[in-house]
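Trainee: Chains A and B, in that order, give the protein sequences. Using our numbering, the letters of the first sequence correspond one by one to residues 56 to 389. Using our numbering, the letters of the second sequence correspond one by one to residues 258 to 591. Every residue gets a Cβ at the ideal spot worked out from N, C-alpha and C, and that includes glycine. Computed from a predicted model, the values in this text were never measured in an experiment.
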Amino acid sequence: MQELVGRLARVDPDAGAAVKVIAYFDRLVEGRAGLEPIVRGAAVLAGCAARLVDEQRRVQVRIDVHGRVRGDIGLPDPDWPSAPLVQDGPPVLWLERGGPAGPVDAMVLERAAAAARAVLERTRGRSKALEDPASVEVLFDAAVAAQTRLAIAHRLGIAENAQVRAVALINEVGRVESADGASWPGKRRSTDRRAGIGPIGDVVDLPVSWSGARTALRFTAAETAQDPGPRIVHADQLGGLAVLADVIGPDTDPVPDVHAIERAKTDAPWVLATLVAVATSPSLRTAATTLRVHHSTLQERLGHVEHVLGWSIRDPQGRLRLHLAIAMWRLHQR
Amino acid sequence: MTDVIGPPPPFDPELAAAIAIAGEKMPDIGRMLARGGDAVATARALRDEMADFLLDPDADLTRDGAFTVSEREVSGPDGAPDITLLICRPNNAPPPVGVIYFVHGGGMVVGDRFTGLANFLGVAEELGVAVVSVEYRLAPEHPHPAPVDDCYAGLLWTVEHAEELGVDPARVVIAGGSAGGGLTAATALLAKDRGGPALLGQLLLCPMLDDRNDTYSARQMAGVGLWDQTANQFGWSALLGDAQGGDDVSPYAAPARATDLSGLPPAFIDVGSAETFRDEAVEYASRIWRAGGIAELHVWPGGFHGFSGIVPQAAVSQAAGQAPRAWLRRILAD
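#1: Starting from residue 594/B, follow the beta strand (DSSP E) in both directions and report where the run begins and ends.
#2: Thinking residue 590/B and residue 551/B are a contact (beta carbons under 8 angstroms), I'd like their distance in whole angstroms, please.
#3: State the start and end residues of the unbroken beta strand (DSSP E) segment that holds residue 325/B.
#4: Residue 287/A: which of 280/A, 253/A and 132/A sits nearest, CA to CA?
#5: Please list the terminal residues of the continuous alpha helix (DSSP H) segment that includes residue 165/A.
#6: To test your reading of the DSSP string, which unbroken beta strand (DSSP E) runs of 3 or more residues are found completely within the segment 431-475 of chain B?
#7: Taking only beta carbons into account, state which residues of the segment 92-109 of chain A come closer than 7 angstroms to chain B, listed in chain order.
#8: Along chain B, in chain order, which residues have C-beta atoms closer than 9 angstroms to that of residue 251/A?
#9: Here's the rule I'm using: 16 or more other beta-carbon atoms within 10 Å means buried, otherwise exposed. How should residue 273/B be labelled?
#10: Tell me whether residue 218/A sits in a helix, a strand or coil according to DSSP, three-state version.
#11: Under a Cβ-count criterion, where at least 16 other Cβ atoms within 10 Å of its own Cβ denotes burial, should residue 275/B be classed as buried or exposed?
#12: Closer than 7 angstroms by beta-carbon distance: list the chain B residues that pair up with residue 82/A, in chain order.
#13: With DSSP run on the structure shown, which of helix, strand or coil describes residue 557/B?
#14: Pull out every residue of the segment 111-130 of chain A whose Cβ sits closer than 9 angstroms to any Cβ of chain B, in chain order.
#15: Contact criterion: CB-CB distance below 8 angstroms. Does residue 385/A meet it with respect to chain B?
#16: In its own chain, which residues sit with a C-beta less than 6 angstroms from the C-beta of residue 184/A, not counting the 5 before and 5 after it?
#17: Strictly below 9 angstroms CB to CB, what residues from chain B border residue 87/A?
#18: For a contact meaning CB atoms closer than 8 angstroms, what does residue 39/A contact in chain B?
#19: Under 8 angstroms between C-beta atoms, does residue 501/B make it to chain C?
#20: Among residues of its own chain, excluding the 5 on either side of residue 114/A, which ones have a beta-carbon nearer than 8 angstroms to its beta-carbon?
#21: Mind pulling the chain A residues with CB within less than 7 angstroms of residue 570/B?
#22: With DSSP run on the structure shown, which of helix, strand or coil describes residue 398/B?
#23: Ignoring anything shorter than 3 residues, give me the beta strand (DSSP E) runs that lie fully in the segment 227-280 of chain A, in order along the chain.
#24: DSSP has residue 115/A in a bridge; who is on the other side?
#25: Alpha carbons only, please: which of 83/A, 291/A and 260/A is nearest the one belonging to residue 270/A?
#26: Note down, in chain order, every chain A residue with its Cβ under 8 angstroms from the Cβ of residue 575/B.
#27: Count Cβ pairs between the segment 570-582 of chain B and the segment 533-552 of chain B that sit closer than 8 angstroms; are there 3 or more?
#28: Does the distance from the CB of residue 571/B to the CB of residue 366/B come in under 8 angstroms?
#29: Are residue 400/B and residue 438/B close, meaning C-beta to C-beta below 8 angstroms?
#30: Take residue 326/A and list the residues in its own chain whose beta-carbon comes closer than 7 angstroms to its own, dropping the five residues that flank it on each side.
#31: So what does DSSP say about residue 385/A, is it helix, strand or coil?
#32: Does DSSP classify residue 584/B as helix, strand or coil?
#33: Within 10 angstroms of the Cβ of residue 262/B, are there 16 or more other Cβ atoms? Answer buried if so, exposed if not.
#34: Hey, quick one: how far does the alpha helix (DSSP H) through residue 331/A stretch, first residue to last?
#35: Could you tell me whether the Cβ atoms of residue 229/A and residue 222/A are closer together than 8 angstroms?
#36: Where residue 444/B and residue 126/A are concerned, what is the direct C-alpha to C-alpha distance, given to the nearest angstrom?
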């Protein structure tokens with residue numbers, strides 16, 4: 056029913072084509088256009104039908120070359136040029152045309168995918184992505200290209216220049232926390248659970264932070280009488296203890312001092328808590344307060360436990376030896 | 258009450274994206290008019306400039322054999338030259354068939370009987386009706402009343418020769434866009450006032466109705482789109498000369514000047530919210546209703562003048578294309 060027949064449609068592969076494709080999708084994004092206009096843009100600019108199928112989000116849009124929505128969506132042909140939503144991800148956007156993508160096609164796919172990604176983030180992607188622990192784990196994987204990790208961080212809503220750290224938890228996937236208190240996945244900060252906290256740094260350095268967090272987690276305890284010790288350990292406060300973590304594990308042979316801790320632990324229910332309090336308190340008096348026993352009771356118990364251990368824990372040297380023994384004992388646990 | 262005029266409503270995102278890459282494909286009417294010079298020379302320059310834009314060289318008027326296309330030289334208005342009618346008769350519909358009497362657009366100064374016709378043939382094929390397109394004389398060489406008189410003369414001839422054409426004189430819809438919409442409305446007024454042919458309906462697409470050219474929308478969209486206030490000024494001045502905007506303008510030149518809009522055939526009126534003609538189109542519909550008449554009004558959000566023809570693939574263009582089809586189907590139904 057048009058009055059004018061001048062059509063603005065297919066972009067010819069001339070020198071200005073790339074600029075036009077970029078301008079087209081930029082304007083769609085500026086106008087907060089939805090997925091359908093984006094796929095339509097791909098179809099019309101490339102001069103063939105186009106489709107967006109995101110299995111994960113259960114989204115599918117197919118538009119023919121005239122810009123009409125088509126419901127008849129079969130399987131994509133593996134020969135069609137396609138683009139993923141994020142680098143190295145599965146293809147989500149296709150131009151329904153055989154043969155390799157020409158320069159205009161490639162640009163259309165790239166810009167349309169970027170625009171679609173923005174829409175999906177805005178409309179249904181972000182909340183889903185936040186609940187997708189797998190995405191977060193990729194951020195910890197140094198084997199994944201840094202660009203991909205940055206793209207996923209972006210999808211999760213983590214700013215590229217954010218200062219972040221990894222948090223390792225028991226029997227749960229890791230988390231990312233930012234310096235300003237945000238957390239992925241989810242909003243909850245992990246202050247109530249055993250957590251190893253990695254050093255803070257750039258998004259691309261999360262694998263390093265993750266490694267530190269996992270090491271720190273091995274030094275944590277349940278903070279109960281049976282498993283006394285700190286629930287939360289920061290990797291950047293471990294110092295030389297971190298070196299121990301590299302050489303001691305569940306499968307390595309325990310040194311005699313670790314056997315001594317095991318032996319003492321089974322001797323009486325109060326032993327382990329007492330040893331941890333003595334090793335980590337500035338004075339025996341503070342340790343007694345922590346353990347809620349009288350100072351003289353503590354002295355009495357120490358006499359007993361020193362006998363089981365085989366060395367004095369009331370002098371600095373002996374306390375260092377105790378501290379190391381407890382640390383090594385924990386490292387053998389996990 | 259005077260309302261503050263804000264910035265132009267934003268273009269629909271898909272329309273904006275298409276315009277962003279249009280480049281030299283869009284005729285620059287403003288630049289042509291800025292050159293100044295006499296009206297005839299300017300109009301001729303505009304016709305050259307817009308020839309490619311207004312004509313689709315690939316248009317197949319037979320629509321792959323669906324229509325038999327012929328031309329007739331028929332009597333013009335009294336004392337005026339003959340006029341040419343382009344007649345497209347459907348081959349697969351038994352006579353008599355309904356007929357769309359088509360008046361092309363072009364600001365009163367450009368265009369011919371082929372301008373924008375192809376799209377009307379599409380709907381005519383769907384409905385099994387004929388299309389008659391009138392070649393009216395253009396301003397400024399032929400000022401008012403030449404254009405509207407030609408349109409009316411062609412309509413009279415069509416109805417009087419209905420049997421010969423195989424069309425049903427009781428099933429005539431008059432249709433046009435832009436200046437063609439204005440001439441369509443004017444021809445409908447003439448037919449009513451002169452006791453001429455009874456029309457089934459008048460289809461006014463983004464019609465050019467008001468020579469005063471000072472509505473809110475005309476001022477709001479100054480400098481915006483293909484046909485802004487300056488271009489509109491040129492069109493009306495070409496048609497009316499010094500009378501433009503004055504006290505003595507005929508409603509058959511500018512239908513907005515009509516004082517009695519009662520007794521008109523049912524109207525379909527559409528317009529974009531971001532175009533010069535918005536307010537006069539809305540006002541015309543309102544005045545038809547006020548007079549007790551029948552009108553269907555569509556204001557397409559973010560549409561600039563001619564949007565549905567220039568960017569046919571956009572969702573808003575598709576909707577704008579469907580609405581008049583549905584209306585025609587209803588009123589032309591047997």
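Mentor: Inspection of the coordinates gives the following:
#1: No answer is possible for residue 594/B: it lies beyond the span of chain B, which begins at 258 and ends at 591.
#2: Position 333 of the second sequence, counted from the first residue, corresponds to residue 590/B. Position 294 of the second sequence, counted from the first residue, corresponds to residue 551/B. Residue 551/B and residue 590/B do not touch by the CB rule: their CB atoms are close to 16 angstroms apart, not below 8 angstroms.
#3: To locate residue 325/B, count along the second sequence from 1; it is residue 68. Residue 325/B -> beta strand (DSSP E) spans 324-331.
#4: Indexing the first sequence from 1 puts residue 287/A at position 232. If we check each option's Cα against that of residue 287/A, 253/A comes out closest.
#5: By one-based count along the first sequence, residue 165/A stands at place 110. Unbroken alpha helix (DSSP H) run through residue 165/A: 158-175.
#6: 458-462
#7: 92, 95, 96 and 99
#8: Position 196 of the first sequence, counted from the first residue, corresponds to residue 251/A. Chain B residues near residue 251/A: none, gap ~47 angstroms exceeds 9 angstroms.
#9: Numbered from its first residue, the second sequence carries residue 273/B at position 16. Buried.
#10: Here the question's residue 218/A lines up with position 163 in the first sequence. Note: residue 218/A maps to coil in three-state DSSP.
#11: Translated into positions along the second sequence, residue 275/B becomes position 18. Buried, because 16 or more other Cβ atoms sit within 10 Å of the Cβ of residue 275/B.
#12: Taking the first residue of the first sequence as 1, we reach residue 82/A at position 27. Here the neighbours are 270, 273, 274 and 277.
#13: In the second sequence, counting from the first residue as 1, residue 557/B sits at position 300. In this structure, residue 557/B counts as strand in the three-state DSSP scheme.
#14: When CB distances to chain B are screened at a threshold of 9 angstroms, the residues of the segment 111-130 of chain A falling below it are 118, 120, 121, 122, 123 and 124, in chain order.
#15: Residue numbering aside, residue 385/A sits at position 330 when the first sequence is read from its first letter. Answer no: the Cβ-Cβ gap between residue 385/A and chain B never drops below 8 angstroms.
#16: Numbered from its first residue, the first sequence carries residue 184/A at position 129. Since pLDDT at residue 184/A reaches only 46, below the 50 mark, its modelled position is unreliable, and no value is offered.
#17: Locating residue 87/A in the first sequence gives position 32, where the first residue counts as 1. By Cβ distance, chain B contributes 270.
#18: This structure does not reach residue 39/A, given that chain A is present from 56 up to 389, and the question cannot be answered.
#19: Note that chain C does not occur in the displayed structure, where the protein chains are A and B.
#20: Stepping through the first sequence from its first residue, residue 114/A is reached at position 59. So the list reads 90, 107, 108, 175 and 179, once near-sequence residues are dropped.
#21: In the second sequence, residue 570/B corresponds to position 313, counting from 1. Near residue 570/B (Cβ distances below 7 angstroms), the residues of chain A are 64, 95, 99, 121 and 122.
#22: Here residue 398/B is taken as the residue at index 141 of the second sequence, counted from 1. Here residue 398/B sits in coil by DSSP.
#23: The segment 227-280 of chain A contains, as complete beta strand (DSSP E) runs of 3+ residues, the segments 227-233 and 250-252 (chain order).
#24: The count along the first sequence starts at 1 and reaches residue 115/A at position 60. According to DSSP, which records beta bridges pairwise, residue 115/A is partnered with 108/A.
#25: Walking along the first sequence from the start, residue 270/A turns up at place 215. Nearest C-alpha to residue 270/A: 291/A.
#26: The sequence position of residue 575/B within the second sequence is 318, counting from 1. 122 and 123, listed in chain order.
#27: no
#28: Within the second sequence, numbered from 1, the residue matching residue 571/B stands at position 314. Within the second sequence, numbered from 1, the residue matching residue 366/B stands at position 109. Going by C-beta atoms, residue 571/B is not nearer than 8 angstroms to residue 366/B.
#29: Start at 1 with the first residue of the second sequence, and residue 400/B comes out as number 143. Start at 1 with the first residue of the second sequence, and residue 438/B comes out as number 181. Their beta carbons are not under 8 angstroms apart, which means residue 400/B does not touch residue 438/B by this criterion.
#30: Residue 326/A sits at position 271 when you count from the first residue of the first sequence. Close CB contacts of residue 326/A within its chain, under the 7 angstroms cut and outside five residues either way in sequence, are with 319, 320 and 360 (chain order).
#31: Taking the first sequence and counting its residues from 1, the one referred to as residue 385/A is at position 330. The answer is helix: DSSP assigns residue 385/A an H, G or I state.
#32: Position 327 of the second sequence, counted from the start, is the residue given in the question as residue 584/B. Note: residue 584/B maps to helix in three-state DSSP.
#33: If you number the second sequence from 1, residue 262/B lands on position 5. With fewer than 16 other Cβ atoms within 10 Å, it is exposed.
#34: The residue given as residue 331/A occupies position 276 in the first sequence. Per DSSP, residue 331/A belongs to the alpha helix (DSSP H) from 326-335.
#35: The residue you call residue 229/A lines up with position 174 of the first sequence. The residue you call residue 222/A lines up with position 167 of the first sequence. Against a cut-off of 8 angstroms, the Cβ pair of residue 222/A and residue 229/A comes out as a contact.
#36: One-based indexing of the second sequence puts residue 444/B at position 187. One-based indexing of the first sequence puts residue 126/A at position 71. For residue 444/B and residue 126/A, the distance between alpha carbons rounds to 43 angstroms.
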